[in-house]
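The structure under discussion appears below in the form of structure tokens.
In our numbering, the protein residues as written are 7 to 171.
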């Protein structure tokens, strides 16, 4: 591993800079995670408040992107308008959708059928306990990651020269 040795005053300055930078990055990431969870919760509950449900067949979509993901597409019609959607799911959970007769329940907002999602996903996103559990894992994980990056930078990548400090 490449490691640089710097004088104690420089190391102290770098350590302060690293701490402040990674703290700021953590705050940005935590706010983004909170906003994403809150918007998903509000969106799910808005659709679920007054929704219709259709059961539609699922077809495997063109594979691309992530190696461990399967992509599926579906389409449905509400009031004569056709809507298309799709989702990606990891290989471990894709088995039920690989069956040629596989179907999925789609919930759509009655006021605006263009707002739709898989019913199971909306129920998951609309549960306060699920959202809080998700945040209870993601936010501390982000904090630990930022701390580890700070340690790697200030202790492993840039070390302190032996001497006065």
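Think of the CB as a built atom: it goes at the ideal place given N, C-alpha and C, for glycine as much as any other residue.
Residue i by DSSP, collapsed to three states: which one?
{"i": "residue 133", "result": "coil"}
{"i": "residue 172", "result": "The chain is shown only over 7 to 171; residue 172 falls outside these bounds and no answer can be derived."}
{"i": "residue 112", "result": "strand"}
{"i": "residue 60", "result": "strand"}
{"i": "residue 124", "result": "strand"}
{"i": "residue 168", "result": "coil"}
{"i": "residue 119", "result": "coil"}
Do residue j and residue i have their beta-carbon atoms positioned less than 8 Å apart in this structure?
{"i": "residue 43", "j": "residue 151", "result": "no"}
{"i": "residue 145", "j": "residue 50", "result": "no"}
{"i": "residue 89", "j": "residue 63", "result": "no"}
{"i": "residue 163", "j": "residue 10", "result": "yes"}
{"i": "residue 114", "j": "residue 84", "result": "yes"}
{"i": "residue 79", "j": "residue 92", "result": "yes"}
In the DSSP assignment, find the beta strand (DSSP E) that holds residue i and state where it starts and stops.
{"i": "residue 76", "result": "75-84"}
{"i": "residue 90", "result": "87-96"}
In the DSSP assignment, the alpha helix (DSSP H) including residue i goes from what residue to what residue?
{"i": "residue 28", "result": "14-55"}
Between residue i and chain C, is there a C-beta pair that is closer than 8 Å?
{"i": "residue 125", "result": "The structure shown contains no chain C, having only a single protein chain."}
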